[in-house]
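Just so we're aligned, residue 6 is where the first sequence starts under our numbering, counting upward by one.
Read through the structure below, which is laid out as C-alpha cells, and then see the notes.
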Amino acid sequence: MPLTFPKSIRLHYSSEFLRVKTEGRAFGGRYFTLGVLKDREATRTGLITSKRVGIAVERNRVRRRLRELMRLSLPEWTPGVWVVAIARRAAVKASFTQLQGEWTHLARRAGILQKTGGETSQDRPS
RNA sequence: AGCGAAUGGCGGGUGAUCGCCGGCGGGCAACCGUUGGAGGAAAGUCCGAACACCACAAGGCAGCAUGCCGCGUAGAACAUGCGGGGACCGGGGGCGAAAGUCCACGGUCACGGAAAGUGUCACAGAAAACAAACCGCCGGGGGCAACUCCGGUAAGGGUGAAAAGGCGAGGUAAAAGCUCACCGCUCGGGGCGUAAGCUCCGGGGCACGAAAAACCCCAUGCGGUGCAAGACAGAACAGGGAGUUGGGCCGCCUGCCCGUUGUCUCCCGGGUUAUCGUCGCACCGGCUGCAAGGCUGGCUCGGCCCUGGUCCCUUCGGGGGCUUGGGUCGUGAGAUAAAUGGUCAUCCGGCCGUGGCAACACGGCUCGACAAAAUUCGGCUUAUAGCCAUCCGCUAAUA
RNA sequence: GGCGGAGUAGCCAAGUGGCUAAGGCACGGCCCUGCAAAGGCCGCAUCACCGGUUCGAUUCCGGUCUCCGCCU
C-alpha cells in the first residue's frame, strides 16, 4: 500500500468540520486535539491551524508536520473514520518526534489504529 | 589587526528516499510518465498605478493629500531616485588674549505663509503681545528722620520655555534706535545662477516673540469602490409581511440617468449549493521527438560587461546617474480548509564539552536569522543569525 | 484577501495641549462595632509601546504591537 495522501481524502467543507465537532468525540493533547467521528463510509481527515497557533510560517510548519505523520500512519487506520486535528500553540515548539509520539498516544486512545499493541509507525517502513 | 557606525550584497550547499500542488501527454478509470513549484522583504497595507464596475464620470461646495529648487524614471504615477540651496547639531582645523569668526567634513530636517484673519501661550512673574513698571535709577514737593506723594525712565535685578532687535560708542538728571558704526530685519537696484538662493550698493527705521504635527490662508492634485472588483454557464423553487415613496451617479447641492403593476431596506419562509462551479488568473513562436518533453529564438523583468551619447560632481587623477546599440548570465509559481514538505546522510558555518602551548582532533546541539505568495506591477516602512565588499571614526603595533 | 475602528487601575469607564488624570465596582489598610454588615478616611495608573512637533503630549503627527467589526 503506497503512502499517498491525496486531496480526495481531506475534509473540505465547513459543514463536514462542524459535523465532526458536534457528532464526534474529542481527545485533547498537549500539542493538538483530535476530533473523531466513526462509522463513516470513507476515511477522511482535516486539519485546523488557526491564527491563535502563530504566524503564517509557524502555522504552515505545524500543518505540514501533522499532515505528514497522518500520512505515515494511514495504512494502520481503522477504515471509515473522520479525523480532525486542531493544532495548539505549544505545537510550534514541538519536534516532529514529539508530535508523532502524541499522535500515536491519542490515536490509540481514540481507537483509530487497528494494531492495538503495535509498534509506533516509523517514518521509514521498508 | 581589533572594535564601532553607515551603505550595498548573499541569505547554507549536495545527495538519497517517501510525499503534496499546478501544467501537459497517455489511459474508460485506478494510475503512469514528464515538467514547473516562495521572498528580499512574499510582511505591514503606508503611497502610486494597471485592471474592473458604478452613467460617457458633469458643475460647485465640503473633504483629503502634497508643500525649498532643478532634473530624471520614454508604459505611467508616486510621499520614489540623483543633484543643488538653506537651517540646525556634532567633533575637527585656521585666525584671535578672549568673546568670536571662517573653513571643509559627517549627520539630521513634515523646509510654503505667523506684516489676511480668529484663537492659544498653564504656573511663576509688575508685565505674555495695540506692551507694561515689582525691586531699582533719576528729578521735584513734603518730613528732623525712617519714609511718603507726583513725574521721568527701562541700563541693571528678579520670574519664566520665551521679556519686545544684539553689541559697542555717543548722549542724558537718569535713560531710551534718541543718534551713530557693525550685525540682524526689510524695501529698491546691480551682478552671478535655469531656479531655490548667494553676493554687492543704496534707502528705511526698530515695527515684525513662539507655535500652522491650533483653526486657517495660498498653490497644486484628487469622482467613488475595490479581484470578496467584476463577467459567465447551468440547475432548483413559493412566496409572504413591514417600512420607504423613490433609487442610482457621491458626503451635500445643482444637474442628469433609471424607474414609478417598480426600486431600496429589514424580517419570516422556501430552493439551489455560488459560505465551495468556470473565467478574471499568469508570455509567444521555430526545429526535433510517437506524445508530454528536449533544444532554440523573441518578449517581460532583473543583474554584469563593452561602445557611443547626455547630465551632474570634481582635489582635474577621476567618480556617479540615465540611456541608443551590442554581448553575456539568469528569469516566467500560481493554491482556494488553501501546494512548494517530512526524514536521513554528508559538507560549510556557529555554540558547548573533553584533550592539547597551539594548529587541531573527538563527542554533543529540539544550532542555521527574519519571514512564506493569494489579481499584477513601481516605491516606502518595518523585521533580519551569520558572512562578504566599500567608506569613515577610535584604539594598538610596526616603519 | 480588502476596508474600517479601538487600546486610560483587576473590571466598567469620563476626560482634555498645563496644578495631584474624574467617578463607580472590586482589592488592601485604618476608624467605627462585643463581632460583622453598612458608613467614613486613605491607598492602588509608565494613559498599549517607540520616536517626533511643542516650554510642556494621555491629547497633535508618524511608526510598531494587540484586539474587535464589516465586505462574496
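Ideal Cβ positions, reconstructed from N, Cα and C, are used throughout, including at glycine.
It should be emphasised that the depicted structure is a prediction, and the values quoted were computed from it without experimental measurement.
Contact annotation: the region 99 to 107 touches the region 33 to 45, with at least three C-beta pairs closer than 8 Å. With contact defined as three or more Cβ pairs closer than 8 Å, the region 82 to 93 and the region 106 to 118 are in contact. Rounded to the nearest whole angstrom, the C-alpha separation of R15 and T27 is 18 Å.
When only Cα atoms are considered, R72 and V58 end up about 16 Å apart.
Around R49, the same chain offers I14, R15, L16, W87 as residues with beta carbons nearer than 7 Å, after the five sequence neighbours per side are excluded. For T102, the enclosing alpha helix (DSSP H) starts and ends at 101 to 115. Residue T83 holds the alpha-carbon nearest to the alpha-carbon of R45 among H110, T83, Q119, K56. Judged by DSSP secondary structure, T9 falls outside any alpha helix (DSSP H); it is assigned neither H nor E.
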